[in-house]
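A.B. asks:
Residue numbers (this note's numbering): 1241 to 1879.
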């Protein structure tokens, strides 16, 4: 058979099907199926031409050829009857029969429409069309009606207090209907290349995650890479604190300098004024000192005029109180830098600290210190009690009173660490107004400690009227020792005078547990420090190589010519840093550099071949000999 697409491929007018073959009248013309028309339709072609328009019979072949375009909008559209991919691996097209002439003639045609300059999406039946952009762009969730959203709102309210990870938690939208088979998708519903960035910057994850030690079954003498580096959690915590310490906030209306402090950054996140506690609006700022370059916390009392200079004598007493359970006070001064009369108190800065209220009594509080009943673990309460008792003991021994034993004035500065904040501020504000004796103020400190611990046990801030009910809850869900201790602190019997010794006697058996936990934590931190003990050896070797190689002042000195030991070190530097691959491209491999420098630092007997830049000389040396060369050359340099 001839070519159907050329001018000679059409059947001749006098051509008839051979005898015994199927009738040609019911056979569709191949010219119509391939080209969309047959120019021999009116010249004797005996095949079927039902899908041609009525006007095709009156159109001449030459005119039809000139008016047809490459993209014919009237051509039949391809409509797949099923997805082209089957999970079993077999093609759906292989088991599907061919297209019938009636299906071709009745297929919907593509008619481009334009509305407002933007092309409308073609509707090809109910089957989704293939769009390459859909393969590489995140898909939106289907529209959810207002009624269904409002119906689900009560259920969502139950999880408002929880902190759910957006990458691994339940979706916030109903799952979309199954899409057509495409590229593998992430379980979160977005394309893999459009996932959210990590919660921390890239430098936090320089090492691979810890492997499953039980599955690896390492031998006692074997080590994994994580054994030689600081743990991920500790490194990330230190990095976050370092970033918070170095944080700056340019473009604010804060003064450039306040006394000797500069670079002020506000620390108040909720912008609530502490008027209920001190009677004045107070603000906290992070600032850097010009004297020692350290970062401090400045507590500003807004609109307070200091009328009695003797109040500064109390501040000097507070500056002499030093205890791990206190935020140490350094100095206090008056200033007009904010446009009013303000008093500034300078404290130690503890980055990323939270108050007890923010840590345990807010909606976004952490849930790691709670038991199955939703109550705080008892060992956490005892740990905080011991730390606060030791802090109050140091304050009372200095003949002072804290007056800030409150969930809003106690900071959580680290893992299991609490400190009493804003010490001395109340004494400065109430210096000439307070008529309360020091014994009464110290008694109020113990009462405030009891309220704080009871609030932790009840998982809510307890008022004066809620103390009896809170003690009943403690008696029901906690030990008898904790119940007796809180009852002792909250009792207001004048005959039961609370002193430091009497309070310590109540918790002496728990102080040993806290000391043991502190020593264990100290051992773990010391072990983590040991992994970073010799992390500067590679840097020292690189510094020595930089000092020795290619010194310009010794270029003409025959005693320091780049021959012998110095020539070998120059070739070794090229071996480590200036290698190229077979294509002549530089090899930038940090693993190769660290491996060579670690072997050099150890001085092993492994041999390497050093090649000169002109490839005319080759030297075979060991790392032990290279280490000797570095020591001798550096010793000559430092003489």
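We put the CB at the ideal spot given by N, CA and C, even for glycine. These numbers come from a predicted model, not from an experiment.
Below 9 Å between beta carbons: does that hold for residue 1645 and residue 1689?
C.D. replies: The answer is yes: Cβ separation under 9 Å.
A.B. asks: Leaving aside the five residues before and after residue 1500 along the sequence, list all residues of the same chain whose C-beta is less than 8 Å from its C-beta, in chain order.
C.D. replies: Closer than 8 Å at the Cβ level, and outside the excluded window around residue 1500, lie 1529, 1530 and 1531.
A.B. asks: Using CA atoms only, rank isn't needed, just tell me which of 1865, 1871 and 1524 is closest to residue 1590.
C.D. replies: Checking every option, the nearest Cα to that of residue 1590 belongs to 1524.
A.B. asks: Could you compute how far the alpha carbon of residue 1647 sits from the alpha carbon of residue 1613?
C.D. replies: Computed Cα separation, rounded: 22 Å.
A.B. asks: Can you list, in chain order, the stretches of the alpha helix (DSSP H) that have 4 or more residues and sit fully within the segment 1678 to 1720?
C.D. replies: Listed in chain order, they are 1678 to 1698 and 1707 to 1717.
A.B. asks: Kindly identify the DSSP beta-bridge partner or partners of residue 1572.
C.D. replies: The partner list for residue 1572 (beta bridge, DSSP) reads 1585.
A.B. asks: From residue 1874 to residue 1569, what does the alpha carbon distance come to, in whole angstroms?
C.D. replies: C-alpha separation (whole angstroms): 49 Å.
A.B. asks: When we look at the beta-carbon of residue 1409 and count the other beta-carbons within 10 Å, is it buried (16 or more) or exposed?
C.D. replies: Below a pLDDT of 50, predicted positions are generally treated as unreliable, and residue 1409, at 39, falls in that range; no measurement from the model is reported.
A.B. asks: Provide the residue(s) that pair with residue 1528 in DSSP beta bridges, ordered along the chain.
C.D. replies: Beta-bridge pairing links residue 1528 to 1502 and 1535.
A.B. asks: With H, G and I counted as helix, E and B as strand and the rest as coil, what does DSSP make of residue 1863?
C.D. replies: If DSSP states are grouped into helix, strand and coil, residue 1863 belongs with the helices.
A.B. asks: Roughly how many whole angstroms lie between the Cα atoms of residue 1641 and residue 1583?
C.D. replies: When rounded, the distance between both Cα atoms is 20 Å.
A.B. asks: Measure from the alpha carbon of residue 1687 to the alpha carbon of each residue in 1703, 1505 and 1675, then state which is nearest.
C.D. replies: Comparing Cα positions, the closest option is 1703.
A.B. asks: Looking at C-alpha atoms only, which residue of 1695, 1669, 1740 and 1721 is the closest neighbour of residue 1683?
C.D. replies: Ranking the options by Cα distance to residue 1683, first place goes to 1740.
A.B. asks: Along the chain, where does the alpha helix (DSSP H) containing residue 1777 start, and where does it finish?
C.D. replies: Here the alpha helix (DSSP H) through residue 1777 covers 1777 to 1788.
A.B. asks: So, at 8 Å on beta carbons, what are the nonlocal neighbours of residue 1398 in its own chain, with the 5 sequence-adjacent residues on each side left out?
C.D. replies: Confidence at residue 1398 is low in this model, with a pLDDT of 38, below 50, so the placement of that residue is unreliable and no value is reported for it.
A.B. asks: How would you call residue 1827, buried or exposed, if buried means at least 16 neighbouring beta carbons within 10 angstroms?
C.D. replies: Flag for residue 1827 reads exposed.
A.B. asks: Does residue 1691 pass the burial test, meaning 16 or more other C-beta atoms within 10 Å, or should it be called exposed?
C.D. replies: Classification of residue 1691: buried, given that the 10 Å Cβ count is 16 or more.
A.B. asks: How many whole angstroms separate the CB atoms of residue 1744 and residue 1629, which I take to be in contact at a CB cut-off of 8 Å?
C.D. replies: Yes, they are in contact, since the Cβ atoms of residue 1744 and residue 1629 sit about 7 Å apart, within 8 Å.
A.B. asks: Smallest Cα separation from residue 1518: which of 1770, 1667, 1282 and 1793?
C.D. replies: The residue with the shortest Cα to Cα distance from residue 1518 is 1667.
A.B. asks: So what does DSSP say about residue 1858, is it helix, strand or coil?
C.D. replies: The answer is strand: DSSP assigns residue 1858 an E or B state.
A.B. asks: Mind checking who residue 1847 pairs with in its DSSP beta bridge?
C.D. replies: Answer is 1862, bridged to residue 1847.
A.B. asks: On the DSSP letters alone, give me the boundaries of the beta strand (DSSP E) that residue 1651 sits inside.
C.D. replies: It spans 1650 to 1654 - the beta strand (DSSP E) in which residue 1651 sits, taken as one unbroken run.
A.B. asks: Please list, in chain order, all residues of the same chain as residue 1547 whose beta carbon is under 8 Å from its beta carbon, the five residues on each side excluded.
C.D. replies: Hits under 8 Å: 1672.
A.B. asks: Straight-line CA distance for residue 1631 to residue 1815?
C.D. replies: When rounded, the distance between both Cα atoms is 60 Å.
A.B. asks: So what does DSSP say about residue 1544, is it helix, strand or coil?
C.D. replies: Residue 1544: coil per DSSP, three-state reduction.
A.B. asks: In the DSSP assignment, what residue or residues form a beta bridge with residue 1621?
C.D. replies: Residue 1621 pairs with nothing; no bridge assigned.
A.B. asks: DSSP has residue 1495 in a bridge; who is on the other side?
C.D. replies: In DSSP, residue 1495 forms no bridge with anything.
A.B. asks: What is the C-beta distance between residue 1870 and residue 1811, in whole angstroms, given that I count them as a contact (C-beta under 8 Å)?
C.D. replies: At roughly 13 Å, the Cβ-Cβ gap does not stay under 8 Å, so residue 1870 and residue 1811 are not in contact.
A.B. asks: Compare the beta carbon distance of residue 1572 and residue 1586 with 9 Å and say whether it is the shorter of the two.
C.D. replies: In this structure, residue 1586 lies closer than 9 Å to residue 1572 by Cβ.
A.B. asks: Is DSSP giving residue 1869 helix, strand or coil here?
C.D. replies: If DSSP states are grouped into helix, strand and coil, residue 1869 belongs with the helices.
A.B. asks: Could you give the distance in angstroms between the alpha-carbon of residue 1696 and the alpha-carbon of residue 1653?
C.D. replies: Taking the straight line joining both Cα atoms gives about 17 Å.
A.B. asks: Do the segment 1467 to 1487 and the segment 1766 to 1777 make contact, defined as three or more Cβ pairs closer than 8 Å?
C.D. replies: The answer is yes - the segment 1766 to 1777 touches the segment 1467 to 1487, with three or more Cβ pairs under 8 Å.
A.B. asks: Given a threshold of 16 other Cβ atoms within 10 Å of its Cβ, counted over all protein chains shown, does residue 1426 qualify as buried or as exposed?
C.D. replies: The predicted model places residue 1426 with a pLDDT of 40, which falls under 50 and marks its position as unreliable, so this point remains unresolved.
A.B. asks: With a CB to CB cut of under 6 Å and the five nearest residues on each side skipped, what residues in its chain are close to residue 1724?
C.D. replies: Nothing meets the Cβ criterion.
A.B. asks: Please classify residue 1184 as buried or exposed, where buried requires at least 16 other C-beta atoms within 10 Å of its C-beta.
C.D. replies: Absent from the model: residue 1184. The displayed extent of the chain is 1241 to 1879, so no value can be given.
A.B. asks: Can you give the Cα-Cα distance for residue 1549 and residue 1555, rounded to whole angstroms?
C.D. replies: Cα to Cα, the separation comes out at about 11 Å.
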